[in-house]
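Take a look at the structure set out below.
In the numbering used here, the protein residues as written are 1318 to 1456.
The following block contains the structure:
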């Protein structure tokens, strides 16, 4: 009996039934504040999944108080505060690089945070998880 269970388990492992996520093809969006509920920022991710694989990933951060995106010019709000200006630059690097890492690794848990860009990483990770949750629910 144990031999049959081992064979069945091996077959399931090979076929992937329930042992790793399968995502339905389509366009998916995820939005999250990643626990930063005292701040007006939302991480927004858009994913395209084709043949069960993430083939496109976009990420941006929206400031709901200023009604604008966190972009290359956002640091102007911190002119005179060199520490915050540098923080903006670090996080902007994260916003621009995290989607490529996700495409490369196909697993949000394998995408590493860039030093000094933990805020944008947390927003990215939470919004990707929301998008993938939506993709998994539609199987």
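Note that beta-carbon positions come from the ideal geometry of N, C-alpha and C, so glycine has one too.
query	result
For residue 1386, which residues of its own chain have a beta-carbon under 8 Å away from its beta-carbon, when the five flanking residues on both sides are left out?	1377, 1378, 1379, 1380
If I measure Cβ to Cβ from residue 1451 and keep anything under 8 Å in the same chain, skipping five residues before and after, which residues do I get?	1345, 1346, 1347
Which same chain residues end up closer than 8 Å to residue 1356 when comparing Cβ atoms and leaving out the 5 residues on each side of it in sequence?	1350
Taking just the CA atoms, how far does residue 1369 sit from residue 1435?	28 Å
Count the other C-beta atoms from every protein chain shown that fall within 10 angstroms of the C-beta of residue 1418, then say buried if there are 16 or more, exposed otherwise.	buried
Is the region 1392-1401 in contact with the region 1422-1434, if contact means three or more CB pairs nearer than 8 Å?	no
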